[in-house]
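Report on one structure; see the data block that follows.
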Amino acid sequence: MRRSTSGSARSTRWLKRGRDSGQAIGYLDDGTMVVVEEADHLLGDTVTVTVTNALQTSTGRLIFARVAGNGDTDEPRHEES
Numbered sequence: 021m022r023r024s025t026s027g028s029a030r031s032t033r034w035l036k037r038g039r040d041s042g043q044a045i046g047y048l049d050d051g052t053m054v055v056v057e058e059a060d061h062l063l064g065d066t067v068t069v070t071v072t073n074a075l076q077t078s079t080g081r082l083i084f085a086r087v088a089g090n091g092d093t094d095e096p097r098h099e100e101s
């Protein structure tokens, strides 16, 4: 399994809204929850994100991320399924 560290890119499908406004929640293959800021409009899509923080909790690993852009744009990078 590839380790997720700050600045690394990961891709997953966004399944549900997060607790805070604008958040989307997805899960890596190993069950790790990923919380992405300003991504609730991407629910159902598979999008590449950049890890901003990773925490070890009593129930497992939790990753925070933001949507990765193409070059200098703020557009998300969608992957073909």
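Residues in the sequence shown are numbered consecutively from 21, following our numbering.
All residues carry an ideal CB built from backbone N, CA and C; glycine is no exception.
Whole-angstrom distance between glutamate 58 and serine 41, CA atom to CA atom: Taking the straight line joining both Cα atoms gives about 8 Å.
Three-state secondary structure (DSSP) of leucine 75: Strand, per DSSP.
Where the beta strand (DSSP E) containing glycine 80 begins and where it ends: Start and end: 80 to 87.
Pick from Ser78, Arg81 and Thr68 that is closest to valine 56, judged by C-alpha positions: That would be Thr68, whose Cα lies nearest to the Cα of valine 56.
Beta-carbon proximity check, glycine 46 vs arginine 37, cutoff 8 Å: No, they are not a contact pair.
Contact belief for alanine 44 with leucine 63 at Cβ below 8 Å, rounded distance in angstroms: Alanine 44 to leucine 63, Cβ: 6 Å. Contact.
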